[in-house]
Amino acid sequence: MARTTKKVSTGKQIFRIVLLVSTVISLWFVPWVLVKAWILPLPNTVQEQVNQTLSYGFDGVIVYVDEAGKPPAFYAAGYHNRELKTPANPKALFKIASISKLYVAVAITKLAHAKRLSLDETLADYFPELVGSIENADKITLRMMVQHKSGIPNFTDSPDFWKNQPNTGVDVLKYALDLPANFEPNTDYGYSNTNYLLLSRIIEHVVGYSRQQYFKEEILTPLGLHHTFGSLSEVNLDDVMSGYYVGLEDDFKTEEQGMIATAEDVGKFLRALNDGTLLNKKEMEIYSSIYEFNHGGLVPGYQCMAEYHKDIDAVVVQFMNTTDFEGYQWNLLEITHTRVVKILRKAKGL
Numbered sequence: 019m020a021r022t023t024k025k026v027s028t029g030k031q032i033f034r035i036v037l038l039v040s041t042v043i044s045l046w047f048v049p050w051v052l053v054k055a056w057i058l059p060l061p062n063t064v065q066e067q068v069n070q071t072l073s074y075g076f077d078g079v080i081v082y083v084d085e086a087g088k089p090p091a092f093y094a095a096g097y098h099n100r101e102l103k104t105p106a107n108p109k110a111l112f113k114i115a116s117i118s119k120l121y122v123a124v125a126i127t128k129l130a131h132a133k134r135l136s137l138d139e140t141l142a143d144y145f146p147e148l149v150g151s152i153e154n155a156d157k158i159t160l161r162m163m164v165q166h167k168s169g170i171p172n173f174t175d176s177p178d179f180w181k182n183q184p185n186t187g188v189d190v191l192k193y194a195l196d197l198p199a200n201f202e203p204n205t206d207y208g209y210s211n212t213n214y215l216l217l218s219r220i221i222e223h224v225v226g227y228s229r230q231q232y233f234k235e236e237i238l239t240p241l242g243l244h245h246t247f248g249s250l251s252e253v254n255l256d257d258v259m260s261g262y263y264v265g266l267e268d269d270f271k272t273e274e275q276g277m278i279a280t281a282e283d284v285g286k287f288l289r290a291l292n293d294g295t296l297l298n299k300k301e302m303e304i305y306s307s308i309y310e311f312n313h314g315g316l317v318p319g320y321q322c323m324a325e326y327h328k329d330i331d332a333v334v335v336q337f338m339n340t341t342d343f344e345g346y347q348w349n350l351l352e353i354t355h356t357r358v359v360k361i362l363r364k365a366k367g368l
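Per our numbering: the sequence shown = residues 19 to 368.
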């Protein structure tokens, strides 16, 4: 009996040693900038946090906060344009990347509510020519595409997509064609930009004109959002915050990368989406069954996050104009965004 106890005790000691070694090894490979971002004392104000964020390698930061019962607050630090040393402008235009998926999901919801399309129709119902080029096109429904349950490969995962940047005059859908499905429809989840590329084309097919014009009619104009655009061709380039990639001197501002908006416009949209201003009761039932209410976005040179926090009735939008290959900058965006929310909660005594 004593021998058994001793063996168990020794086994526990060995386990603890292995666990300690594993922890040390894992910490060794965690970038210390991430650890630093987590463990630094929480500042008292959002502006202090925004200023602190620059020390993590970002060229410019914008934060917009809309707390119920208070005027919106704007914060910025760093550069709007690094080369010209232009200070960051909290009302600058910014490439919102995948935050645009929220607008697409709202548009699909409104068209479904109006019976102009059905969420149970298939990709093949709209684009029969894709049968054979996209596996399961006749089984993949619009609902599955909105929810990223289609199994369609993500075109931005293709090495050719990145090799041929900025893909001027190229239909990027080709990077997702003639590939095996990632999984059978509705059996798994797989984030795919191809879903929303195709949903955008379905919107245009149904309404007969551009996606952005439909957004303007159904979302932007009703909400008074006058600083949200579909492409760089619609704006003064000087109003767009520059975007940088770690290790490169290039400014990615001139590359066409989708929708552009101010943090304030994104914040107003997000509050309206969450509080029922944008969607009527039936539309809200549809939307809440198919997609999320917060989103982040990432393209070379630009990353952003827009979230509504119900417990403090606050919208927080964060723009950061520096990205990297490893994804550490994205981790830092998540960490610093969380710290901004903690500051707001602390101010409310939560």
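Virtual Cβ for every residue (Gly too), placed ideally from N, Cα, C.
| Item | Value |
| --- | --- |
| Selected residue, minimal CA-CA separation from S168, among Y209, S151, L135 | Y209 |
| Three CB pairs or more closer than 8 angstroms across the segment 157-175 and the segment 192-209 | yes |
| Cutoff 6 angstroms; reference G261; Cβ partners in own chain excluding five residues on either side | F270, K271, G319, Y320, N339 |
| For L111: DSSP bridge partner residues | V258 |
| Nearest to V53 (by Cα), restricted to the options A365, L368, L362, Q347 | Q347 |
| Secondary structure of P105, DSSP reduced to three states | strand |
| Residue environment, P355, which counts as buried when at least 16 other CB atoms sit within 10 Å | Sequence check: residue 355 is His here, not Pro. When all chains shown are included, H355 counts as buried. |
| Cβ-Cβ separation, V124 to T237 (assumed contact under 8 angstroms), whole Å | Residue identity differs from the one stated: residue 237 is Ile in this sequence, not Thr. Correct: roughly 6 angstroms between the Cβ atoms. |
| Proximity to A106 [Cα-Cα], best of H98, G294, G276 | H98 |
| Limits of the alpha helix (DSSP H) - the one that M302 falls within | 299-308 |
| Buried versus exposed call for K300 [16 or more other C-beta atoms within 10 Å across all chains shown] | exposed |
| DSSP state of N99 mapped onto helix, strand, coil | strand |
| Cβ-Cβ distance between I80 and H313 below 7 angstroms | no |
| Classification of T63 by the beta-carbon crowding that lies within 10 angstroms, buried from 16 upward | exposed |
| Proximal residues to V333 (C-beta, below 6 angstroms), its chain only, five neighbours per side dropped | D84, G285, L288, R289, Y326 |
| Among Q231, Y121, E344, A86, nearest to K369 - alpha-carbon criterion | It is not possible to answer for residue 369, since the shown part of the chain is limited to 19 through 368. |
| Closest by C-alpha distance to Y369, when choosing among Q65, L217, D293 | Outside the modelled stretch of the chain, which goes from 19 to 368, sits residue 369, for which no answer is possible. |
| Integer Cβ distance of H166 from N200, believed to fall under 8 angstroms | Going by Cβ atoms, the distance from H166 to N200 rounds to 10 angstroms, so no, they are not a contact pair. |
| Cβ pair count under 8 angstroms reaching 3, the segment 151-166 against the segment 128-143 | yes |
| Classification of A132 by the beta-carbon crowding that lies within 10 angstroms, buried from 16 upward | exposed |
| For D156, three-class secondary structure by DSSP | coil |
| With 16 other Cβ atoms within 10 Å as the buried cut-off, status of F343 | exposed |
| Assumed close pair E202, N154 - CB separation to whole angstroms, cut-off 8 angstroms | 7 angstroms |
| Integer Cβ distance of M277 from F311, believed to fall under 8 angstroms | That pair is no contact at about 18 angstroms. |
| Euclidean distance between Cα positions of S151 and N182 | 21 angstroms |
| First through last residue of the beta strand (DSSP E) which encompasses E325 | 320-327 |
| Bridge partner(s) assigned by DSSP for V81 | Y93, Q336 |
| CA-to-CA distance, D206 to D156, given in whole angstroms | 18 angstroms |
| Proximity below 7 angstroms, CB of V258 to CB of L111 | yes |
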